[in-house]
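Quick note: to get the numbering used here, add 68 to the position in the sequence shown (first position is 1).
A quick write-up on the structure given underneath.
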Amino acid sequence: MKILANDGLAPEGVKMLKEAGYTVITEKINQDQLAQAINEENYEILLVRSATQVRKNLIDSCPGIKLIGRGGVGMDNIDVAHARSKEIKVVNTPAASSQSVAELVFGHLFGLCRFLPDSNRMMPDKGSSEFEMLKKKYSKGIELRGKTLGIIGFGRIGQAVASYALGIGMKVKAFDTYVASAGIPVHIEGIDPVSVEISTRSFEEVLMSSDFISIHTPAQKDGKPVITEKEISMMKNGAVLVNASRGGIVDESAIDGALKSGKLKGVALDVFLNEPSPNAELLKNPGLSLSPHIGAATAEAQNRISLELASQIIETFQHA
Ligand code: NAD
């Protein structure tokens, strides 16, 4: 069978598939030429990440497709129900990227605590002429250890974030609309993982008592943000907020206002409304720590994703 991995596939997964007899092509085909290429080359399996759109018209134009695989979690770029109605199997890799997203969250948190995003913007310009001014500007850093991290959405990634937080000595308070409690493993080299049981709290308690808040919910069914001006007004003055879930889960204009007024000390964003063309004005806010949707973009996560997809493909077609 022929596989088109249109947004790439890490070498480990390609190797596993080739060894199982599949042909794997990782060359990127433009969206407008995709249907024609799939039909001409007889691809039966289409693998994507978040860039390639697998909409109804593409699915209808390519009757040979038997499986669509999404390397990652969110399937917003695939018309899943439509594909399944045509008996096309649709799979994703929900667990593979949790640890990488959690580490990115901490990259942003540590950076914001010491003003690193702004300091990196200012140093090339003013570092050699106004060193003392910048030193004073960034002199009021804070530590994470001992502070409270609020986690909104206590699923796979929320729990991975909790594990790192506990590991560096933070207190964790979590809210989830479904999960009541979870045993969080804390990994300490040389001893068996310690499990810490965390029971979730009310939304209000997490918002009102956390020094740092990280959001890990999926896009909401009604399309509305989880964090708006109202929720921000309930947060501690000077709180720090991170959104590495989905663009629009935090209301972007509310963030801009809260940073400008000083209500929030810092905000980290890995995801944006209107990706890949986020609001240019918002990006200029000096209180922001920014990354272009790279939560799962580590060698380790991409390897796990490729192996998880390869296993699912091999399992699906082993008796075909
Ligand atoms: P998950 O399904 O394991 O967990 C999500 C949790 O959120 C669930 O427990 C659910 O009950 C809870 N939830 C839903 N709505 C809620 C609400 N309004 N308030 C509180 N809790 C709510 O998902 P996951 O694997 O942890 O992924 C979380 C998010 O991270 C998703 O939006 C996913 O798309 C995103 N993600 C981002 C990146 C990145 O590159 N930045 C990578 C992978 C996943």
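Even glycine gets a Cβ: it sits at the ideal position worked out from N, Cα and C.
Beta-carbon separation (whole angstroms), L377 vs G137, contact threshold 8 Å:
Taking the first residue of the sequence shown as 1, we reach residue 377 at position 309. Taking the first residue of the sequence shown as 1, we reach residue 137 at position 69. That belief holds up - the Cβ atoms of L377 and G137 are roughly 5 Å apart, short of 8 Å.
R117 versus E80: straight-line alpha-carbon distance, rounded
In the sequence shown, residue 117 corresponds to position 49, counting from 1. In the sequence shown, residue 80 corresponds to position 12, counting from 1. Those two C-alpha atoms are separated by around 16 Å.
Beta carbon of I225: closer than 6 Å to some heavy atom of the ligand NAD?
By 1-based counting over the sequence shown, the position of residue 225 is 157. Yes, the beta carbon of I225 sits closer than 6 Å to at least one heavy atom of the ligand NAD.
Below 6 Å, is the gap between the Cβ of A230 and the nearest heavy atom of the ligand NAD?
Locating residue 230 in the sequence shown gives position 162, counting from the first residue. A230: no, Cβ never under 6 Å from the ligand NAD.
Proximity test, V419 beta-carbon vs the ligand NAD heavy atom, cut-off 6 Å
What is shown of the chain runs 69 to 388, which leaves residue 419 out entirely.
Could you say which of K239, S129, I373 and T91 lies nearest to N107 if we only look at CA atoms?
To locate residue 107, count along the sequence shown from 1; it is residue 39. Nearest C-alpha to N107 among K239, S129, I373 and T91: S129.
Given this structure, state the Cα-to-Cα distance separating L351 from R189, to the nearest angstrom.
On the sequence shown, position 283 is the one that residue 351 refers to. On the sequence shown, position 121 is the one that residue 189 refers to. Using only the alpha carbons, I get a separation of about 12 Å.
Would you check whether the ligand NAD has a heavy atom nearer than 6 Å to the C-beta of P346?
For this step, residue 346 is matched to residue 278 along the sequence shown. Shortest gap from the CB of P346 to any heavy atom of the ligand NAD: 6 Å or more.
What are the start and end residues of each continuous alpha helix (DSSP H) run of 4 or more residues lying completely inside the region 290-365, in chain order?
Taking only runs of at least 4 residues, the alpha helix (DSSP H) segments lying wholly in the region 290-365 are 297-302, 320-329 and 348-351.
Tell me whether L217 sits in a helix, a strand or coil according to DSSP, three-state version.
Looking up residue 217 in the sequence shown gives position 149. DSSP places L217 in strand when its eight states are reduced to three.
Would you kindly report the start and end of the unbroken beta strand (DSSP E) that includes R138?
Position 70 of the sequence shown holds residue 138. L135 to R138 is the span of the beta strand (DSSP E), which, as asked, contains R138.
Tell me whether the beta-carbon of I256 lies closer than 7 Å to the beta-carbon of Q227.
Start at 1 with the first residue of the sequence shown, and residue 256 comes out as number 188. Start at 1 with the first residue of the sequence shown, and residue 227 comes out as number 159. Their beta carbons are not under 7 Å apart, which means I256 does not touch Q227 by this criterion.
On the DSSP bridge list, what partners appear for F243?
Translated into positions along the sequence shown, residue 243 becomes position 175. According to DSSP, which records beta bridges pairwise, F243 is partnered with I220.
Between H176 and the rest of its own chain, which residues show a CB-CB distance below 7 Å, the 5 nearest in sequence each way excluded?
The residue given as residue 176 occupies position 108 in the sequence shown. Closer than 7 Å at Cβ, skipping near neighbours: V310, A336 and S357.
Mark Q123 as exposed unless 16 or more other C-beta atoms lie within 10 angstroms of its C-beta, in which case mark it buried.
Position 55 of the sequence shown, counted from the first residue, corresponds to residue 123. What sits at residue 123 in the sequence shown is Arg, not Gln. With fewer than 16 other Cβ atoms within 10 Å, it is exposed.
Okay, do the region 140-156 and the region 257-267 touch, 3+ Cβ pairs below 8 Å being the bar?
no
Proximity test, P293 beta-carbon vs the ligand NAD heavy atom, cut-off 6 Å
If you number the sequence shown from 1, residue 293 lands on position 225. P293 Cβ: outside cutoff for every heavy atom of the ligand NAD.
Keeping to the same chain, check which residues put their C-beta closer than 7 Å to that of K241; ignore five residues upstream and five downstream.
Taking the first residue of the sequence shown as 1, we reach residue 241 at position 173. Cβ neighbours of K241 beyond the five flanking positions: T216, G218, R269, E273, V274, S277 and S278.
The ligand NAD and A119: does the residue's C-beta get closer than 6 Å to at least one heavy atom of that ligand?
Start at 1 with the first residue of the sequence shown, and residue 119 comes out as number 51. A119 Cβ: outside cutoff for every heavy atom of the ligand NAD.
Proximal residues to E389 (C-beta, below 6 Å), its chain only, five neighbours per side dropped:
Residue 389 cannot be examined here, being either before or after the span of the chain that is shown, 69 to 388.
Counting pairs of beta carbons, one from the region 133-150 and one from the region 315-330, are three or more of them closer than 8 Å?
no
Taking L234 and V254 to be in contact with their CB atoms under 8 Å, please state how far apart those CB atoms are, rounded to whole angstroms.
Working through the sequence shown from its first residue, we reach residue 234 at position 166. Working through the sequence shown from its first residue, we reach residue 254 at position 186. Yes, L234 and V254 are in contact; Cβ-Cβ is about 5 Å, under 8 Å.
Is DSSP giving L114 helix, strand or coil here?
For this step, residue 114 is matched to residue 46 along the sequence shown. It is a strand residue.
Look at K333 and V308 and say whether their C-beta atoms are less than 7 Å apart.
For this step, residue 333 is matched to residue 265 along the sequence shown. For this step, residue 308 is matched to residue 240 along the sequence shown. In contact: K333 and V308 (Cβ atoms closer than 7 Å).
On the CB-based measure, 16 or more other CB atoms within 10 Å of its CB, does D319 come out buried or exposed?
Taking the first residue of the sequence shown as 1, we reach residue 319 at position 251. A residue is called buried when at least 16 other Cβ atoms come within 10 angstroms of its Cβ; D319 meets this threshold and is buried.
Counting Cβ pairs closer than 8 Å, one from the region 71-87 and one from the region 366-374, do we hit at least three?
yes
Report, in whole angstroms, the separation of the C-beta atoms of G389 and S165, which I expect to be a contact under 8 Å.
Residue 389 lies beyond the range of the chain shown here (69 to 388); nothing can be said about it.
For D244, tell me which candidate among T91, D324, S267 and S263 has the shortest Cα-Cα distance.
As a position in the sequence shown, residue 244 is number 176, starting the count at 1. Per the Cα distances, S267.
Sort D290, G89, I281 and A365 by Cα distance to G306 and report the nearest one.
Taking the first residue of the sequence shown as position 1, residue 306 is located at position 238. Of the listed residues, the one whose Cα sits closest to G306 is I281.
Can you determine whether any heavy atom of the ligand NAD sits closer than 6 Å to the C-beta of R314, and answer yes or no?
Start at 1 with the first residue of the sequence shown, and residue 314 comes out as number 246. Yes.
Got a sec: does the ligand NAD put a non-hydrogen atom nearer than 6 Å to the Cβ of A233?
Residue mapping note: residue 233 aligns to position 165 of the sequence shown, counting from 1. No, the Cβ of A233 stays beyond 6 Å of every heavy atom of the ligand NAD.
With distances taken from CA atoms, which of G142, E211 and G223 is nearest G237?
To locate residue 237, count along the sequence shown from 1; it is residue 169. Comparing alpha-carbon positions, the option among G142, E211 and G223 lying closest to G237 turns out to be E211.
Looking only at DSSP bridge pairs, what is T91 linked to?
Here residue 91 refers to the residue found at position 23 when the sequence shown is read from its first residue. Beta-bridge pairing links T91 to K70.
Under the three-state reduction of DSSP, which class applies to P253: helix, strand or coil?
Counted from its first residue, the sequence shown places residue 253 at position 185. If DSSP states are grouped into helix, strand and coil, P253 belongs with the strands.
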